[in-house]
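Every letter in the sequence shown is one number past the one before it in this note's numbering, and letter 66, counting from 1, is 58.
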Amino acid sequence: MNKIVCGDSVVECQKLPEASIDIVITSPPYNVDLGANKFNKNPYDLYVDNRQHKDYIAWLEHLFCDILYSKLKDDGRLCINVGDGLNGAVPTHSDIISFMSHRYLPFSTIIWEKGNTSNRAAWGSWLSPSAPSFPRNFEFILLFGKTRKLSDKGVTDLTKEEFIRFANGTWNIRPEAKMKAIGHPAMFPKEIPYRLIKMLTWVGDTICDPFAGAFTTCLVAQELGRKFIGIELSPEYCEIGKKRLGVK
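Here is the structure:
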């Protein structure tokens, strides 16, 4: 079932067979006005990253709860990597947890400690309590499930050493360093989907990323013997994905 699909995630996800996906692993656009954001001048190819917050949250809720819920198997899982806006003033992760909890069981929240603070000069009111800013060097990885436990027993490739290292609420992982070379402005590193796939799926499971970007989730799924479906709006990014995955 390995597929690269070029199109709008809301439209294309509706076409997926019911109860066909084991897990969704994705990182949607953060709605931080990428390109016009002074800390990241590289915009997405097509997507405009500056919706009204309420519209952005409603869009994600429609996709994850109204559409993808039925596409997941009865014990399916869903993982969302996201960061808050305006140095935490826009609580995107908590808004997602709130609407997701209406359909899914909250599984866990992992803190992705990135080891850097790119906007460290964003002090707000310098040396004053008037309006200080709190730049962040972390993001969230939100885990949900339709059930708590997988219903079937499969084959795992998770080692003892990996389990001990990954079973932690804080993941210290450096950001992707090759975004410019690969050609996408907002990528997470391979280590994030690697850990999620290893910890949450059996060998041979089907993984879907509805915001595939440079298709990192799909690439790791392929390397780990899982099936993948990557959906991406941009034809340019789909071509990047085809090259990375060796798909025509």
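Backbone N, C-alpha and C fix where the C-beta goes; we use that ideal spot for every residue, glycine too.
Straight-line Cα distance separating residue j from residue i
i: Lys182; j: Leu211; result: 8 Å
i: Ala11; j: Leu142; result: 14 Å
i: Leu70; j: Pro124; result: 35 Å
i: Ala50; j: Asp41; result: 15 Å
i: Asp197; j: Val2; result: 22 Å
i: Tyr48; j: Asp25; result: 12 Å
i: Pro177; j: Pro35; result: 7 Å
i: Gln6; j: Asp149; result: 31 Å
i: His85; j: Gly222; result: 23 Å
i: Leu192; j: Ala169; result: 26 Å
i: Leu237; j: Glu215; result: 9 Å
i: Tyr259; j: Lys106; result: Residue coverage of the chain in this structure runs from -7 to 240, which leaves residue 259 outside it and unanswerable.
i: Phe136; j: Asp87; result: 14 Å
i: Ile165; j: Phe155; result: 16 Å
i: Gly217; j: Asp67; result: 20 Å
i: Lys152; j: Leu188; result: 15 Å
i: Asn73; j: Phe91; result: 15 Å
Host alpha helix (DSSP H) of residue i (start-end)
i: Pro185; result: Glu183 to Leu192
i: Lys235; result: Pro227 to Leu237
i: Lys152; result: Lys152 to Phe158
i: Ile13; result: It is not in any alpha helix (DSSP H) - Ile13 instead sits in the beta strand (DSSP E) that spans Ile13 to Thr18.
i: Lys170; result: Per DSSP, Lys170 belongs to no alpha helix (DSSP H) and is neither H nor E.
i: Leu60; result: Leu60 to Lys63
Span of the beta strand (DSSP E) around residue i
i: Val195; result: Val195 -> no beta strand (DSSP E), and no H or E assigned at all.
i: Glu105; result: Leu97 to Glu105
Reduced DSSP category for residue i - H, G, I as helix; E, B as strand; rest coil
i: Cys51; result: One point to set straight first is that residue 51 is Trp, not Cys, in the sequence displayed. DSSP places Trp51 in helix when its eight states are reduced to three.
i: Phe126; result: coil
i: Gly222; result: strand
i: Asn164; result: strand
i: Val74; result: strand
i: Phe91; result: helix
i: Phe207; result: coil
i: Phe136; result: strand
i: Glu4; result: helix
i: Val212; result: helix
i: Leu38; result: coil
Candidates the options: closest to residue i by CA position
i: Pro9; options: Asp37, Glu53 and Lys65; result: Lys65
i: Gly175; options: Ile232, Glu105 and Asn29; result: Ile232
i: Tyr61; options: Lys46, Tyr22, Asp14 and Thr84; result: Asp14
i: Phe207; options: Asp0, Phe180 and Trp194; result: Phe180
i: Lys145; options: His54, Trp194 and Lys190; result: Trp194
i: Gly116; options: Ala204, Leu55 and Leu78; result: Leu78
i: Pro227; options: Pro167, Met(-7) and Gly(-1); result: Gly(-1)
i: Glu4; options: Phe130, Ile102 and Phe56; result: Phe56
Bridge partner(s) assigned by DSSP for residue i
i: Cys(-2); result: Glu224
i: Val82; result: Gly77
i: Arg69; result: Ile15 and Gly137
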